[in-house]
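Chemist: Structure provided below as structure tokens; questions to follow.
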Amino acid sequence: MLVFIVALIILILDQVTKLIIVQNFHVSESLPFIEDIFHLTYVKNFGAAFGILTNQRLFFIIVTLLVIIILLALYKQISKQGVLIKIATGLGIGGAIGNLIDRIRVGYVIDFLDFRVWPVFNIADSAIVIGVGIFFYWAIILDGME
30 MLVFIVALII LILDQVTKLI IVQNFHVSES LPFIEDIFHL TYVKNFGAAF GILTNQRLFF
90 IIVTLLVIII LLALYKQISK QGVLIKIATG LGIGGAIGNL IDRIRVGYVI DFLDFRVWPV
150 FNIADSAIVI GVGIFFYWAI ILDGME
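According to this note's numbering, the sequence shown holds residues 30 to 175 in order.
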């Protein structure tokens with residue numbers, strides 16, 4: 030159940046923040062919170078991280094659906110794991126669904142978190158990266174301690 034709660038929280042946060050950006054910003058408009066460090070900048074992302082695989086919408090939709098289906102198929106095994114793996118899985122599923130909704134609904138991913146020295150990203154991207162990071166921490170560090 031924790032997997033689905035985390036996924037739902039991420040999905041809601043992701044979609045609400047994107048809606049706020051779309052309703053209040055023009056594309057490429059930027060609002061500095063900490064000048065030259067952190068801005069909110071509305072970007073249409075037609076690719077993946079760092080702009081790779083631009084305009085491969087169908088590819089991303091298929092890959093994302095496959096990842097979600099695989100994670101859901103593994104739910105029985107995941108539900109037997111500890112809290113960290115459940116949270117990591119929920120972060121990954123919630124983030125994947127958030128970006129999938131964008132790709133299907135508008136044809137691109139809405140990004141807006143801009144740290145100026147890093148490509149602009151969103152809540153879903155953050156959740157996916159944190160989820161993968163937790164998984165690797167668990168697999169490499171914690172599993173190695175057992």
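Glycine is no exception: its CB is placed at the ideal position from the N, C-alpha and C atoms. Values in this document were obtained by computation on a predicted structure and should not be read as measured data.
When DSSP labels each residue in this structure, what does Val138 get in the three-state scheme?
Modeler: For the purposes of this step, residue 138 is taken as residue 109 along the sequence shown, with counting starting at 1. Note: Val138 maps to strand in three-state DSSP.
Chemist: According to DSSP, is Thr93 part of a helix, a strand, or is it coil?
Modeler: Within the sequence shown, numbered from 1, the residue matching residue 93 stands at position 64. Note: Thr93 maps to helix in three-state DSSP.
Chemist: Compute the beta-carbon to beta-carbon distance between Ile39 and Ala156, rounded to the nearest angstrom, for a pair I have assumed lies under 8 Å.
Modeler: Numbered from 1 along the sequence shown, position 10 holds the residue referred to as residue 39. Numbered from 1 along the sequence shown, position 127 holds the residue referred to as residue 156. At roughly 5 Å, the Cβ-Cβ gap stays under 8 Å, so Ile39 and Ala156 are in contact.
Chemist: Could you give the DSSP three-state label for Leu113: helix, strand or coil?
Modeler: Numbered from its first residue, the sequence shown carries residue 113 at position 84. Looking at Leu113 - three-state DSSP - the assignment turns out to be helix.
Chemist: Any idea what DSSP makes of Asn53, helix, strand or coil?
Modeler: On the sequence shown, residue 53 is found 24 positions in, with the first residue counted as 1. Of the three classes helix, strand and coil, the one that applies to Asn53 here is helix, per DSSP.
Chemist: Going by the CB atoms, is the gap between Leu120 and Ile163 shorter than 9 Å?
Modeler: As a first step, residue 163 is located in the sequence shown; it is residue number 134 there, counting from the start. As a first step, residue 120 is located in the sequence shown; it is residue number 91 there, counting from the start. For Ile163 and Leu120, yes; Cβs fall inside 9 Å.
Chemist: Tell me Pro148's beta-bridge partners as DSSP assigns them.
Modeler: For the purposes of this step, residue 148 is identified with residue 119 of the sequence shown, where counting begins at 1. BP columns for Pro148 are empty, so no partner.
Chemist: Under the three-state reduction of DSSP, which class applies to Thr70: helix, strand or coil?
Modeler: Along the sequence shown, one-based indexing puts residue 70 at 41. Of the three classes helix, strand and coil, the one that applies to Thr70 here is strand, per DSSP.
Chemist: Is Asn84 closer than 9 Å to Leu140 when the C-beta atoms are compared?
Modeler: Reading the sequence shown from its first residue, position 111 is the one you call residue 140. Reading the sequence shown from its first residue, position 55 is the one you call residue 84. It is Asp, not Leu, that sits at residue 140 in the sequence shown. For Asp140 and Asn84, no; Cβs fall outside 9 Å.
Chemist: Could you spell out the range, first to last residue, of the alpha helix (DSSP H) harbouring Ile107?
Modeler: Counting from 1 along the sequence shown, the entry for residue 107 is found at position 78. That run of the alpha helix (DSSP H) goes Tyr104 to Ser108.
Chemist: Between the alpha carbons of Ile159 and Ala168, how many angstroms are there, rounded?
Modeler: Position 130 of the sequence shown, counted from the first residue, corresponds to residue 159. Position 139 of the sequence shown, counted from the first residue, corresponds to residue 168. When rounded, the distance between both Cα atoms is 14 Å.
Chemist: Near Ala36, which residues of its chain fall below 6 Å by C-beta distance, leaving aside the five closest residues on each side in sequence?
Modeler: Counted from its first residue, the sequence shown places residue 36 at position 7. For Ala36, where only same-chain residues beyond five positions count, the Cβ hits under 6 Å are Gly119, Ile122 and Gly123.
Chemist: Can you look up Asp143 in the DSSP assignment and give me helix, strand or coil?
Modeler: Residue mapping note: residue 143 aligns to position 114 of the sequence shown, counting from 1. Asp143: strand per DSSP, three-state reduction.
Chemist: Since Ile169 is in the beta strand (DSSP E), which residue starts that stretch and which ends it?
Modeler: In the sequence shown, counting from the first residue as 1, residue 169 sits at position 140. Segment: none, Ile169 is in no beta strand (DSSP E) and carries neither H nor E.
Chemist: Considering Phe62, what are the terminal residues of the beta strand (DSSP E) in which it resides?
Modeler: Along the sequence shown, read from residue 1 onward, the residue named residue 62 stands at position 33. Ser59 to Ile63 is the extent of the beta strand (DSSP E) around Phe62.
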